[in-house]
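Enquirer: Protein chains in written order, with the working numbering: chain X, 16 to 125; chain W, 137 to 423.
Think of the CB as a built atom: it goes at the ideal place given N, C-alpha and C, for glycine as much as any other residue.
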């Protein structure tokens with residue numbers, strides 16, 4: 016019973032929340048030659064943003080950040096969307112888990 | 137080669153820690169080794185299938201397919217672990233007592249073991265599919281096969297050794313507390329998996345974050361460090377969890393604890409009225 020109430024609340028919250036998500040700032044990252052372009056991305060603090068990540072390489076990559084807790088595979092010639100934040104101001108690292116030597120980037124939140 | 141070894145090591149470590157907790161929790165159940173190995177085999181096969189179908193999964197649910205898939209795999213594992221610990225809460229003591237004999241609890245134990253075998257398979261599938269995708273990419277970029285095999289070997293041996301170390305450590309727990317400890321570990325493991333599942337649903341905006349950084353200890357202990365990763369599996373440690381992840385974690389702990397209490401209460405009078413007369417039947421005839 017408790018579980019049902021909780022699940023109902025979660026479903027309700029998801030709908031309310033989808034309605035508010037209309038005008039969200041959007042950003043794009045491109046992976047090429049196992050490097051993020053741009054390697055530094057600035058986003059506003061305290062705001063949820065929609066991040067498009069396109070992999071132009073012929074090999075899969077995993078967009079990952081342990082600083083802001085995101086992890087998603089981007090297949091070759093595919094695009095994914097990852098929602099980030101709202102985050103507090105600061106600098107956060109992200110990387111490509113499959114090519115850590117080169118695929119490094121910084122997210123600047125201000 | 138170091139890059140291959142490190143990536144394989146990280147993924148194998150996570151799966152190996154989960155498997156070692158499950159091996160400890162099923163101590164004394166006959167047919168366990170074969171089933172755990174079977175679970176690993178199924179998981180590897182599943183990982184290959186998932187990697188091959190990655191394109192299909194990625195395009196599902198207008199791009200959220202990958203996150204939904206990951207969350208579903210994790211929540212399925214949570215369900216199986218939950219089922220097992222609730223069942224164990226009434227039979228753990230019998231299992232400890234009948235460890236050497238073949239009691240009814242042990243037979244029932246093997247039924248619950250099938251659930252945990254599925255958890256082994258799911259853990260291997262999840263971590264393994266990432267490794268397979270990574271290796272697909274590597275082989276496409278023309279890496280030396282010997283270097284690749286060497287990296288994979290070192291990674292697997294490293295991860296498996298740490299997992300085995302945890303298992304050996306757990307075996308040192310006195311037998312009368314043993315299943316209490318492994319049950320607590322399973323509850324924390326399940327709670328951590330549930331919070332990771334919530335994280336996937338937040339990143340594709342299917343769940344509200346309810347506060348995206350409840351705390352931030354990434355400078356003290358990063359999720360990416362070996363210790364952070366280990367604690368991530370063992371107790372569900374996250375350096376910067378979202379509010380909803382915390383909610384999933386606490387809800388899992390609360391539901392499983394309540395389920396275990398309920399099952400203990402339900403089983404106690406029943407096991408007395410059923411097993412006591414049977415054992416004492418010769419001395420105290422009922423009718």
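Could you give the DSSP three-state label for residue 125 of chain X: helix, strand or coil?
Expert: coil
Enquirer: With H, G and I counted as helix, E and B as strand and the rest as coil, what does DSSP make of residue 421 of chain W?
Expert: At residue 421 of chain W the pLDDT is 43, less than 50, meaning the model places this residue with poor confidence and gives no usable figure here.
Enquirer: Show which residues of chain X have a CB atom less than 9 Å away from the CB atom of residue 143 of chain W.
Expert: 112, 113, 115
Enquirer: Could you tell me whether any Cβ in chain W is nearer than 9 Å to the Cβ of residue 45 of chain X?
Expert: no
Enquirer: Using the C-alpha atoms, what's the distance from residue 171 of chain W back to residue 236 of chain W?
Expert: Its pLDDT being 48, under 50, residue 236 of chain W is placed unreliably in this model, and the coordinates cannot settle the point.
Enquirer: List the residues of chain W whose Cβ lies closer than 7 Å to the Cβ of residue 100 of chain X, in chain order.
Expert: 348
Enquirer: Identify, in the order they occur along the chain, each residue of the same chain with its Cβ nearer than 7 Å to the Cβ of residue 380 of chain W, setting aside the five sequence neighbours on each side.
Expert: 334, 338, 343, 344, 345, 346
Enquirer: Report buried or exposed for residue 39 of chain X, applying the criterion of at least 16 other Cβ atoms within 10 angstroms of its Cβ.
Expert: exposed
Enquirer: For residue 83 of chain X, return the contacting residues in chain W, with the cut-off set at a CB-CB distance below 7 Å.
Expert: 376
Enquirer: Is the distance from the Cβ of residue 326 of chain W to the Cβ of residue 218 of chain W below 9 Å?
Expert: Contact: yes.
Enquirer: Between the stretch 354-379 of chain W and chain X, which residues of the former have a C-beta closer than 8 Å to a C-beta of the latter?
Expert: 354, 358, 359, 360, 364, 374, 375, 376, 377, 378
Enquirer: Is there a Cβ of chain W sitting closer than 9 Å to that of residue 74 of chain X, yes or no?
Expert: yes
Enquirer: Among W:277, W:389, W:292, which residue has its Cα nearest to the Cα of residue 260 of chain W?
Expert: The shortest C-alpha separation from residue 260 of chain W is found at W:292.
Enquirer: Going along chain X in order, which residues have a C-beta closer than 7 Å to the C-beta of residue 276 of chain W?
Expert: 73, 74
Enquirer: CB residue 288 of chain W to CB residue 271 of chain W, shorter than 9 Å?
Expert: yes
Enquirer: Residue 138 of chain W by DSSP, collapsed to three states: which one?
Expert: Three-state DSSP puts residue 138 of chain W in a helix.
Enquirer: For residue 86 of chain X, does the three-state DSSP call read helix, strand or coil?
Expert: strand
Enquirer: Does the Cβ of residue 223 of chain W have 16 or more other Cβ atoms within 10 Å, making it buried, or fewer, making it exposed?
Expert: Residue 223 of chain W is buried by the Cβ-count criterion.
Enquirer: When burial is assigned at 16 or more other CB atoms within 10 Å of the CB, is residue 46 of chain X buried or exposed?
Expert: With 16 or more other Cβ atoms inside 10 Å of its own Cβ, residue 46 of chain X counts as buried.
Enquirer: In angstroms, rounded to a whole number, what distance separates the CA positions of residue 181 of chain W and residue 255 of chain W?
Expert: 14 Å
Enquirer: Taking the alpha helix (DSSP H) that residue 331 of chain W belongs to, which residues open and close that run?
Expert: 311-339
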